[in-house]
Amino acid sequence: MNPTWQTGLALPLLLLPMAAAASCGSAFCTINTDWDTQTPWQENATRLDLRMEMIHQNQLRSGTDKTTAAGVTGEHDEIKTLNRNMVASVSHAFSSSLGVTLQAPLVSRDHSHVFNGVGGPEPESWNFTRLGDVRVLAHLRLDDAQSAHGQAYGLIGGVKLPTGSTKVRNTDGELAERSLQPGSGSTDVIAGGFVSGHLAQTGWHTQMNWQHAVSERQDYQPGDHVSLDAGVTYPLGMVHALAQINLLWRGHDSGRNAEPADSGGKYAYFSPGLAMPVGHNAQVYGLVQLPLYQNVNGTQLTADWAATLGLTMHF
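Okay, structure coming up:
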């Protein structure tokens, strides 16, 4: 394997996962898949990462238990949400200690539910592909980047901007619920930190992030979320084995257009995968995310698995 990738795969990930969970099941993978800090930072170096995600949420859950639709008149019963996202990230290192990343998601979402009207069930569905909320993040390494000890640690900070639409309607003109929309409408602040190192041939990393909405739009404010990730990498000839534990806590949404009782929760996932170099300046990777623990507030759609496949290049 290319020595650059051998060294780089052991280091932590810059970007926090684009995590979301709501009653309608809108979501991004909680897997860390941006490799910006996984190779030695070089001044004026640029990285491009493209990844595809699929999360098929078709299991209703109440608390930690699987459940079925209640069929209450005047309310709707969720059926499924299929999330297929394309996420593009561009990172630039201005020095060995300071870098900036721009991350833009293209959200493809297919959602259906049944409204329990007085005259009987009424099926409703939405299918759209739109730009989601863009993120701008900066990272600062606090260790000596030239040191040979093989460890790195630093801070992450940034914002999520309200670039995604909050006005998507279906073919019948029905406005999608706010938690289903490609954008939250809020401006969020993001803060976190990372630590990484080596133990023999095994690379390890941990990362913690916090996200908080500081503005809202049209009486909807997404809940805070805190993520904690820990992962290892191990060389297997021409490929690297990857494994992560992803923990996520998400608070209740708030506002007149929110569903506070059916939003937020606590989640734990195991995410194994592989990465392989392609030439000298690129690698492909794939990971599968498997739930270890899901405890939702109220009743929400959840997924039995999720997957991501991507390509990263540096220039």
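Heads up: the sequence shown is residues 1 to 315, going by the working numbering. All C-beta atoms in this analysis are idealised placements derived from N, C-alpha and C, irrespective of residue type, glycine included.
Starting from residue i, follow its DSSP beta bridges and name the residues at the other end.
i           : result
residue 204 : 197, 232
residue 272 : 243
residue 55  : 83, 306
residue 77  : 114
residue 299 : 62
residue 104 : 88
residue 222 : Bridge partners of residue 222: none, in fact.
Quick check on DSSP: helix, strand or coil for residue i?
i           : result
residue 261 : helix
residue 68  : coil
residue 97  : coil
residue 209 : strand
residue 190 : strand
residue 284 : strand
residue 316 : The displayed coordinates of the chain run from 1 to 315. Any statement about residue 316 would go beyond what the structure contains.
residue 314 : strand
Can you tell me whether residue i sits near the ligand SAM, meaning its C-beta is under 6 Å from at least one heavy atom of the ligand?
i           : result
residue 153 : Among the ligands in the structure shown, none appear at all, so the ligand SAM cannot be discussed.
At the level of alpha carbons, what is the spacing between residue i and residue j?
i           : j           : result
residue 143 : residue 194 : 11 Å
residue 234 : residue 244 : 12 Å
residue 315 : residue 52  : 21 Å
residue 229 : residue 117 : 43 Å
residue 134 : residue 241 : 30 Å
residue 37  : residue 298 : Here the model assigns residue 37 a pLDDT of 46, short of 50, so the residue's position is not dependable, and the following value carries that caveat. Whole-angstrom Cα-Cα distance: 38 Å.
residue 231 : residue 206 : 6 Å
residue 159 : residue 120 : 44 Å
residue 305 : residue 62  : 18 Å
residue 22  : residue 192 : Because residue 22 carries a pLDDT of 44, less than 50, the predicted location of this residue cannot be relied on, and the following value inherits that uncertainty. The straight-line gap from Cα to Cα measures roughly 23 Å.
Among the options, which has the Cα closest to the Cα of residue i?
i           : options            : result
residue 97  : 296, 301, 45       : 45
residue 256 : 179, 277, 290, 267 : 179
residue 153 : 208, 88, 64, 132   : 208
residue 70  : 268, 307, 300, 293 : 300
residue 82  : 110, 75, 100       : 110
residue 90  : 102, 84, 31        : 102
residue 267 : 221, 188, 131, 64  : 64
Where in the region 113 to 184 do unbroken runs of the beta strand (DSSP E), each at least 3 residues long, occur, reported from the N-terminal end onward? 120 to 131, 135 to 141, 152 to 160
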